[in-house]
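Have a look at the structure below, then the notes.
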Amino acid sequence: MAEMNNSKFQLERVRAPVTNEELISDLQRVAKLAGTNAVSFRLYSEFGNYHPSTVALRFGTWNHALRTAGLEIASERDITDERLFENLMRLWEYYGRQPRFRELAQQPSVISAGPYQRRFRSWMNALEQFVMYANAQDVRPPAPVEVASGHKTGRNPSDRLRFRVMKQDNFSCRACGASPALRLGLTLHVDHIKAWSLGGETVEENLQTLCEPCNLGKSNVL
Ligand SMILES: [Zn+2]
């Protein structure tokens, strides 16, 4: 009993238990501090204001706490190649060019450099594997409702097809030439040249990259 009373810090924590929100915001603080979206139990035990097991117990599991905080799960066994590639795709589109290694550590990247290094050994190899992934064709039958409408393809391109079209167009709007590479934050759309509603198919030849302003302007005209 005497020992407990000596520990003033613990006594205070018993009186005012930390809320879930405080735990989450502390997880996010550590992520920001360490410049990573994947906070491991060990990293948190170094920089966190609370004991990591307190966090894990409160949210059931450590990974669940991370998900609640909007962070990446730290265990890379759970990160599939596909998710590593999807993250690269997101960065490529965001920057309008091949992403750089250091850009993994900042938004909008949701997976830090570590898993890429361990999975692919070098950044160049990761990019090469990614290009193979992006160039692979999707084998996905169109949804029944789309078959009924007489289409051979579904309305929405897969992420890979979207990426290939934008890559082909050098991540630039085909109407005005704008690119996120020159104007960071610009949103690109992949648009049907012959509208899908008019029988246009979702194939590379019938798709083009448009910037958001041009694409929205176009839909207003139609
Ligand atoms: Zn444009």
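Reminder that position 214 of the sequence shown reads as 201 in the numbering used here, one-by-one numbering, no gaps. All C-beta atoms in this analysis are idealised placements derived from N, C-alpha and C, irrespective of residue type, glycine included.
Counting C-beta neighbours from all protein chains within 10 Å, is the total for residue 202 16 or more, i.e. buried, or is it exposed? For the purposes of this step, residue 202 is taken as the residue at position 215 of the sequence shown. Buried: at least 16 other Cβ atoms inside 10 Å.
Sorry if obvious, but does the Cβ on residue 101 come closer than 8 Å to a heavy atom of ligand 1? Along the sequence shown, one-based indexing puts residue 101 at 114. No, the Cβ of residue 101 stays beyond 8 Å of every heavy atom of ligand 1.
Just curious, the alpha helix (DSSP H) that residue 94 is in, first and last residue? Your numbering for residue 94 matches position 107 in the sequence shown. Premise fails: residue 94 is in no alpha helix (DSSP H) and is neither H nor E.
At the level of alpha carbons, what is the spacing between residue 2 and residue 41? What you label residue 2 is simply residue 15 of the sequence shown in a count that begins at 1. What you label residue 41 is simply residue 54 of the sequence shown in a count that begins at 1. Residue confidence is low: residue 2 scores 47 on pLDDT, short of 50, so the model does not pin down where it sits. Its coordinate-derived value is still stated next. Take the alpha-carbon of residue 2 and the one of residue 41: they are about 15 Å apart.
By the three-class DSSP mapping on this structure, what secondary structure does residue 197 have? Numbered from its first residue, the sequence shown carries residue 197 at position 210. Strand, per DSSP.
Excluding the 5 residues preceding and the 5 following residue 75 in the sequence, name in chain order all residues of the same chain whose CB lies nearer than 8 Å to its CB. Here residue 75 corresponds to residue number 88 of the sequence shown, with the count starting at 1. Once the five neighbours on either side are set aside, the close Cβ partners of residue 75 are 86, 113, 114 and 117.
Here's the rule I'm using: 16 or more other beta-carbon atoms within 10 Å means buried, otherwise exposed. How should residue 83 be labelled? In the sequence shown, residue 83 corresponds to position 96, counting from 1. Classification of residue 83: buried, given that the 10 Å Cβ count is 16 or more.
I need the straight-line Cα distance from residue 99 to residue 47, nearest angstrom please. Stepping through the sequence shown from its first residue, residue 99 is reached at position 112. Stepping through the sequence shown from its first residue, residue 47 is reached at position 60. So the alpha carbons of these two residues sit roughly 24 Å apart.
Can you list, in chain order, the residues of its chain whose CB lies under 6 Å from that of residue 192, leaving out five sequence neighbours each side? By one-based count along the sequence shown, residue 192 stands at place 205. Once the five neighbours on either side are set aside, residue 192 has no close Cβ partner at all.
How many angstroms separate the CA atom of residue 188 from the CA atom of residue 179? As a first step, residue 188 is located in the sequence shown; it is residue number 201 there, counting from the start. As a first step, residue 179 is located in the sequence shown; it is residue number 192 there, counting from the start. Rounded to whole angstroms, residue 188 and residue 179 show a C-alpha spacing of 8 Å.
Out of 154, 145, 170 and 139, point me to the one whose CA is closest to residue 186's CA. Sequence index remark: in the sequence shown, residue 186 carries index 199 (1-based). Residue 139 holds the alpha-carbon nearest to the alpha-carbon of residue 186 among 154, 145, 170 and 139.
Answer with buried or exposed for residue 159, where buried requires no fewer than 16 other C-beta atoms within 10 angstroms of its C-beta. Within the sequence shown, residue 159 is the residue found at index 172, counting from 1. Counting Cβ neighbours within 10 Å, residue 159 comes out buried, since at least 16 surround it.
Whole-angstrom distance between residue 103 and residue 110, CA atom to CA atom: On the sequence shown, position 123 is the one that residue 110 refers to. On the sequence shown, position 116 is the one that residue 103 refers to. C-alpha separation (whole angstroms): 7 Å.
What are the start and end residues of each continuous beta strand (DSSP E) run of 3 or more residues lying completely inside the region 140 to 194, in chain order? Listed in chain order, the beta strand (DSSP E) runs fully inside the region 140 to 194 are 175 to 179, counting runs of at least 3 residues.
Residue 169 versus 157, 177 and 176, residue with shortest Cα-Cα distance: Locating residue 169 in the sequence shown gives position 182, counting from the first residue. Of 157, 177 and 176, the residue nearest in Cα terms is 157.
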